[in-house]
Structure formats: structure tokens, C-alpha cells
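What follows is one structure encoded as C-alpha cells, with my remarks underneath.
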Amino acid sequence: MPKVIFPGTFDPPTNGHLNILLRASRMFDEVAVVIATNASKSHLFSTEERFAMVKSLSQGLSNVTVSMWDGLIVDFARRVGAGIILRGVRGPADFEYELDLSLWNRSLNPRIETILLPTDHRYAILRSSAIKEVARLGGDVSEMVPPVVAEALRGKFGSPKTGSQSLP
Ligand code: ADP
1281 MPKVIFPGTF DPPTNGHLNI LLRASRMFDE VAVVIATNAS KSHLFSTEER FAMVKSLSQG
1341 LSNVTVSMWD GLIVDFARRV GAGIILRGVR GPADFEYELD LSLWNRSLNP RIETILLPTD
1401 HRYAILRSSA IKEVARLGGD VSEMVPPVVA EALRGKFGSP KTGSQSLP
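Residues in the sequence shown are numbered consecutively from 1281, following my numbering.
Structure representation (C-alpha cells):
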């Protein structure tokens, strides 16, 4: 099976990202996670912090590597000899965005294919931006992110003021 890259901002990584990563590590021989540095976006976590979190999540996955990159994703793919870009999709809005992105990447390098992997239904509402906002406002996001990320969010915003409520 070919080598795939899984690019993203991962600010911070969530259980949704982790699910895609675990599934990718079972589907492909090699998975190269690439953390987009993207200086034009403002991030809560530095590139190094995001790298350390993703690295810790990939511990034990022997076919996963983690890198940082501030250029075009197709250039990273070419550099590491990967022919496939993998992206996760939560719903129609993601699909529209990802389709556009894949067409751009294809126009930049038609030899690199994009594969879209639908999320697991448990993670369909998880997005890094919402998780940061909830954590900033004192909400408990510990069931939405891996423990290492929950810890890092506590480091930024302090402990949650509200515990998660169990519903009927
Ligand atoms: P970007 O800013 O490049 O979209 P993200 O870190 O937000 O970076 O996302 C990286 C990839 O992970 C994207 O393909 C995104 O759709 C996917 N992703 C994000 N959250 C989830 C989730 N909850 N379930 C599945 N895929 C997800």
C-alpha cells in the first residue's frame, strides 16, 4: 500500500483527528502527519506545541511520522515521496471545502491524489476552533480531546469550571 500524508493545522488535535490517524495507520503502509506552520493564521498553540501533542498521540504507531511544514502541501508530498493526501470529512460543508482544496492541489500537482475519509459519527461535531472556544469559556472538553491535549488546554485556560453533564 502507498504512503499517505495527513496534513492539518491541529490547533489542537482532537479525538476526531486521532480517529482519522488511527484508521489511516491501519490502511496505509506509512502515514506522514504534517503540521502546517501557516504564519498567516493565528494559532493558540505554537507549531512546536502542536508537534509535541501530535507526536505524543502517534506514540505506538510504528508507521506514523510527524513533521512541520510551511510550504505547499503538494511540495511536502513530493519531498517525502507520498502520492496521496488524506483529509477527514465531517459533513457537507467540509466536503465542499475539501473538494475545492483537492482541485487546487490537483492543479498544482496532478500526480498527487486526495482521499477523503468520512469521520466516525461520534466525532462529527468536533472541531478545533469550537473546542478552543469552549475551553476558553471554562467548559469541560475532556471527552473531546486526548488527555495530553486536555492537559495542554488547562495550561492555557485553567481548569474547567463546568463538568460534563450526563443526559438521559
Ligand atoms: P485545516 O486547518 O487544514 O483544515 P485541521 O487541523 O482543522 O486543519 O484539520 C485537519 C484535517 O482533519 C482536515 O481534513 C479536517 O477535515 C480533519 N478533521 C478535523 N476534525 C475532524 C473530525 N472531528 N473528524 C474527522 N476529521 C476531522
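The C-beta atom is built at its ideal place from N, Cα and C for all residues, glycine as well.
Given the structure is predicted, the values throughout are model-derived calculations rather than measurements.
Is the stretch 1281 to 1290 touching the stretch 1308 to 1324, taking contact as three or more C-beta pairs under 8 Å? The stretch 1308 to 1324 and the stretch 1281 to 1290 touch, with three or more beta-carbon pairs separated by less than 8 Å.
Can you tell me whether Phe1290 sits near the ligand ADP, meaning its C-beta is under 6 Å from at least one heavy atom of the ligand? Between the ligand ADP and Phe1290, a heavy atom-to-CB distance of less than 6 Å is present.
Across which residues does DSSP place Lys1283 in a beta bridge pair? Bridge partners of Lys1283 according to DSSP: Glu1310.
Lys1321 versus Thr1327: straight-line alpha-carbon distance, rounded: Each residue's Cα considered, the two are about 12 Å apart.
Please check the pair Val1354 and Leu1388, which I expect to be a contact at CB under 8 Å, by giving their CB distance rounded to whole angstroms. That belief holds up - the Cβ atoms of Val1354 and Leu1388 are roughly 5 Å apart, short of 8 Å.
Coil, strand or helix - Glu1393 by DSSP: If DSSP states are grouped into helix, strand and coil, Glu1393 belongs with the strands.
Note down the Cα distance separating Gln1339 from Lys1412, rounded to an integer number of angstroms. C-alpha separation (whole angstroms): 24 Å.
Near the ligand ADP: Thr1317 beta-carbon under 6 Å from a heavy atom: Not one heavy atom of the ligand ADP lies closer than 6 Å to the C-beta of Thr1317.
The alpha helix (DSSP H) with Gly1435 in it runs from where to where? According to the DSSP assignment, Gly1435 belongs to the alpha helix (DSSP H) that extends over 1427 to 1437.
How many angstroms separate the CA atom of Leu1317 from the CA atom of Lys1441? Note on residue identity: the sequence assigns Thr, not Leu, to residue 1317. For Thr1317 and Lys1441, the distance between alpha carbons rounds to 31 Å.
Could you tell me whether the stretch 1368 to 1379 touches the stretch 1332 to 1352, where touching means 3 or more Cβ pairs closer than 8 Å? In this structure the stretch 1368 to 1379 does not touch the stretch 1332 to 1352; the number of beta carbon pairs closer than 8 Å is below three.
C-alpha gap between Glu1393 and Ala1332, whole angstroms: Their backbone Cα atoms lie some 28 Å apart in a straight line.
Segment limits, beta strand (DSSP E) that includes Ser1347: If you look at Ser1347, you'll find it in the beta strand (DSSP E) that goes 1344 to 1349.
Is DSSP giving Ala1316 helix, strand or coil here? Residue state, collapsed to three classes: strand.
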